[in-house]
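J.: Have a look at this one.
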Amino acid sequence: MPQRTSDLARLVRARAVAEEAELACVFVHEDLDSCDGADYPVVHRRVQEALRAELGNAHYVLAVEEMEAWLLLFPDALSELVGAWKLPAKYRGKDTGRLADPKGILMREVSKGGRRYRESDAPAVLEKAVTLELHRDPVGSNRSWTRFGADIETCCRDHLKQPTRRR
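Listed below in C-alpha cells is the structure:
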C-alpha cells in the first residue's frame, strides 16, 4: 500500500500544479466489496492513515459493499431520475450497508420497469439527491455514507475554512 498511496499522492500533486491550484482536500473512493461489519473500520483506518501520512488532507471514502448501497438511501432521487424506478418498501429505512448486492437490487428490483440501472447512472442519482436536498436526510442508514458526510464537513471546516451549507 505505501507504493500505491505515494503514487496517488504524486498524481494528485501533479494535477494541482498543472491546474495551478492549491490542494485543499483529496477524497479517495473505493468499494469495500463486502457488507458492513467488523472489518470496515479496520480497513478504513489502515488506508486513511496511509493517505493522511502521504497527503495530510486526504479522506478515504470506503463505501460498504459498493457505492450503489448509498443510492438506495435516496428512493425519491431514483424515481426523479427515471420515473419508472421504484425502491421496494422492503428496502426503505434499512441499513443499506448490510444489504448484499445493492447493484443487483437496483438492476433487478428498482429498475425492473423501464430502463435498467447502469453503473454510469450513479453520479446522476447522487446529483439528483443533492439537487433535491435529500442527501442530508437519507431514507435508511449506512455507516460509510455518514462517514463521508462527516469527512466533507471536516474538509470544509479544517481545510477550506468554511462551514458546510445547512438547509
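The opening position of the sequence shown corresponds to residue 3 in this note's numbering, with each subsequent residue numbered one higher. The C-beta atom is built at its ideal place from N, Cα and C for all residues, glycine as well. Being a predicted model, the structure only gives us computed values, none of them experimental.
Among residues of its own chain, excluding the 5 on either side of Leu101, which ones have a beta-carbon nearer than 8 Å to its beta-carbon?
T.: To locate residue 101, count along the sequence shown from 1; it is residue 99. Only Cys37, Glu67, Ala71, Leu74, Tyr93 and Ile107 meet the Cβ criterion.
J.: In this structure, does DSSP put Val28 in helix, strand or coil?
T.: What you label residue 28 is simply residue 26 of the sequence shown in a count that begins at 1. In this structure, Val28 counts as strand in the three-state DSSP scheme.
J.: Just to confirm the assignment: which complete alpha helix (DSSP H) runs, minimum length 4, are found wholly within the segment 86–149?
T.: The segment 86–149 contains these whole alpha helix (DSSP H) runs: 104–107 and 124–133.
J.: Return helix, strand or coil for Val66, following the three-state DSSP convention.
T.: Taking the first residue of the sequence shown as position 1, residue 66 is located at position 64. DSSP places Val66 in coil when its eight states are reduced to three.
J.: Whole angstroms are fine: how far does the CA of Gly115 sit from the CA of Asp9?
T.: What you label residue 9 is simply residue 7 of the sequence shown in a count that begins at 1. What you label residue 115 is simply residue 113 of the sequence shown in a count that begins at 1. Answer to the nearest angstrom: the Cα atoms are 43 Å apart.
J.: Leaving out the 5 sequence neighbours to the left and right, which residues in its chain are closer than 6 Å to Phe29 when beta-carbon positions are compared?
T.: Translated into positions along the sequence shown, residue 29 becomes position 27. Excluding sequence neighbours, Phe29 sits near His61 and Val63.
J.: Tell me the residue span of the alpha helix (DSSP H) that contains His46.
T.: Stepping through the sequence shown from its first residue, residue 46 is reached at position 44. That run of the alpha helix (DSSP H) goes Asp41 to Leu57.
J.: Ala23 by DSSP, collapsed to three states: which one?
T.: Here residue 23 is taken as the residue at index 21 of the sequence shown, counted from 1. Ala23 falls in the coil class under three-state DSSP.
J.: With Ala52 and Pro4 assumed to form a contact (beta carbons below 8 Å), what rounded beta-carbon distance in angstroms separates them?
T.: In the sequence shown, residue 52 corresponds to position 50, counting from 1. In the sequence shown, residue 4 corresponds to position 2, counting from 1. The pair is a contact, with the Cβ atoms about 7 Å apart (cut-off 8 Å).
J.: Strictly by DSSP, which residues pair up with Asp33?
T.: Within the sequence shown, numbered from 1, the residue matching residue 33 stands at position 31. Asp33 is bridged to Ala65.
J.: Taking its Cβ as the centre, do 16 or more other Cβ atoms sit within 10 Å of Asp35, making it buried, or is it exposed?
T.: For the purposes of this step, residue 35 is taken as the residue at position 33 of the sequence shown. Exposed.
J.: Is any heavy atom in the ligand HEM found nearer than 7 Å to the beta carbon of Gly142?
T.: Ligands in the displayed structure: none, and consequently the ligand HEM is not present.
J.: Looking at C-beta atoms only, is the number of pairs between the segment 125–138 and the segment 74–93 that lie closer than 8 Å three or more?
T.: Flag = yes, the segment 125–138 and the segment 74–93 touch.
J.: Mind checking who Val60 pairs with in its DSSP beta bridge?
T.: Residue numbering aside, residue 60 sits at position 58 when the sequence shown is read from its first letter. Val is not the amino acid found at residue 60; the sequence shown has Ala there. Answer by DSSP bridge pairing, in chain order: Val28.
J.: With H, G and I counted as helix, E and B as strand and the rest as coil, what does DSSP make of Asp38?
T.: On the sequence shown, position 36 is the one that residue 38 refers to. Three-state DSSP puts Asp38 in coil, outside helix and strand.
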